[in-house]
Every structure is written in structure tokens, then in C-alpha cells.
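Asker: With the working numbering applied, the sequence shown has no gaps in its numbers, which climb one by one up to 244 at the end.
Don't be surprised by glycine CBs; every beta carbon is placed ideally from N, CA and C.
No experiment lies behind these values; they were computed from the predicted model shown.
Structure incoming, see below.
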Amino acid sequence: MTFKLEPLPYGYDALSPYMSEETLKLHHDKHHETYVNNLNKLLEDSDLKGKTLKEIIVASYKKPQLEGIFNNAAQNYNHIKFWKSMKLNTKPSKEVQDILAQHFGSFEKFKEKMIDTATKVFGSGWAWLEYDESSKKLDVNKYPNGVNPLAEGKKPILGIDVWEHSYYVDYRNKRPDYLKAWFENLINWEYVEKKLNNLK
Ligand code: MN3
45 MTFKLEPLPY
55 GYDALSPYMS
65 EETLKLHHDK
75 HHETYVNNLN
85 KLLEDSDLKG
95 KTLKEIIVAS
105 YKKPQLEGIF
115 NNAAQNYNHI
125 KFWKSMKLNT
135 KPSKEVQDIL
145 AQHFGSFEKF
155 KEKMIDTATK
165 VFGSGWAWLE
175 YDESSKKLDV
185 NKYPNGVNPL
195 AEGKKPILGI
205 DVWEHSYYVD
215 YRNKRPDYLK
225 AWFENLINWE
235 YVEKKLNNLK
């Protein structure tokens, strides 16, 4: 089985002006595509060929000889989730706000933690809202490069890409501006609500 680049679930202009057509074309058609192509190449001679993306991520994590496979599999997974988790100007329902408030103190505190954590990723990486099944807790954590909650045995709920390629065209070096625009205008709250309801 080879992996195919999953199409964007919307048009290139669907997230404008907060994430421009130019950014989506570069980010999806070039960066995301490269991860998929590299993954397929690296899997040609690997025992992991034919496994699902999740199985490959878990099996290759922290194995130095499988580092390339891990990075490209995880980045493929991360971007598929990232595209699906965005939609222009949706609002979190009271139910979603209540669930987040239970775990973070208030919805505002969740927002602060998500933006603060993503701001503090040093270099390339992601911040994720994640669920830990053993403690039954939601939390926000930062991850370097392509590492994600799945690799650490947690459930990814909502991830934000802070690699420079995700914001440099639209925000230059101003990562905090990108994060504020993302949180306030680009999160698909229906998607988040579905993910949170699936934990019940
Ligand atoms: Mn990216």
C-alpha cells in the first residue's frame, strides 16, 4: 500500500485572509506532498510497508534507524488532521467550552495555554490538545518536529503547526499573531466537539 496525498477538504481560498491561498498551496501541495512521497520511498524496503499510518508512527518512534520513516509518517498524519481541524469563523458551543473549562479551569485559560505552549515551541514543531486515557485528562503539550501525541500513547484532539512554513508568508516572523488568528478565526469547533464527544 502506498499513501496518497489527501486532498484539502476545502478550496485554497477557504481560510483567507487568516491563512492565505498562497500559504495553503505551498503548505499542502509542496510540504505535505513531500512528506507523503518521502514516506512511500522509505517504506519500499521496510517491514512496515502495508501497515496503517498509526501503526507506522507507533512502531518507528524513537528507533534511530527508522527516524526518516517516523518523521514523514507523523508529518503526513499531522497535516491530514490539521487541514480537517480548520474552518473559517466557527464558534465553540457551550458544551465544548464547558468540557475545556472542566480540564483547564476556564475556556480562556485553555486558550492561553494553547497559545502560550505553541509560542514556546523552540524551532519547528507542534502544540496539541490531547487526551490521556489513563488519567482521563485533557492537556496541552508541545512536540518537536513531527512528534505527536499518538507516538506518546495519547489521543490527539487538536494540533497547531508552528513550523515557519505554516505562517511565514502571511505573518512573517510574528508567530503569536498567527496563533491568535488561528485560535480566534480558524479552529473548526464542530470538529473539536466531535473529537471530544468520541472520548465519552
Ligand atoms: Mn506543516
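Excluding the five sequence neighbours on either side, which residues of its own chain have a C-beta within less than 7 Å of the C-beta of Pro200, listed in chain order?
Answerer: The residues are Lys125, Trp172, Glu174, Asn192, Pro193, Leu194.
Asker: Can Asp214 be considered in contact with the ligand MN3, in the sense that its beta carbon sits closer than 7 Å to one or more heavy atoms?
Answerer: Checking the Cβ of Asp214 against the ligand MN3 gives no.
Asker: So, under 8 Å CB-CB, Leu230 and Leu132 are touching, yes? Tell me the CB distance rounded to an integer number of Å.
Answerer: Yes, they are in contact, since the Cβ atoms of Leu230 and Leu132 sit about 7 Å apart, within 8 Å.
Asker: Under the three-state reduction of DSSP, which class applies to Pro200: helix, strand or coil?
Answerer: Residue state, collapsed to three classes: strand.
Asker: Under a three-way DSSP split, which group does Tyr212 fall into?
Answerer: If DSSP states are grouped into helix, strand and coil, Tyr212 belongs with the helices.
Asker: Can you check which of these residues, Trp127, Lys74, Met158, is closest to Leu52 by C-alpha distance?
Answerer: Checking every option, the nearest Cα to that of Leu52 belongs to Trp127.
Asker: Whose C-beta lies closer than 6 Å to the C-beta of Ala162 among residues of the same chain, with five residues either side of it excluded?
Answerer: Correct list, in chain order: Ala171, Ile204, Val206, Leu223.
Asker: Taking DSSP's pairing of strands, which residues face Tyr175 in a bridge?
Answerer: Tyr175 pairs with Leu182, Lys199.
Asker: Express the C-alpha separation of Pro136 and Glu237 in angstroms, rounding to a whole number.
Answerer: Computed Cα separation, rounded: 8 Å.
Asker: Under three-state DSSP, which class holds Pro108?
Answerer: Correct three-state label for Pro108: helix.
Asker: Taking the beta carbon of Ser179 as the centre, do at least 16 other beta carbons fall within 10 Å, making it buried, or is it exposed?
Answerer: Result: exposed.
Asker: Any idea if Thr67 is buried or exposed, counting beta-carbon neighbours within 10 angstroms, 16 or more meaning buried?
Answerer: So Thr67 ends up on the buried side.
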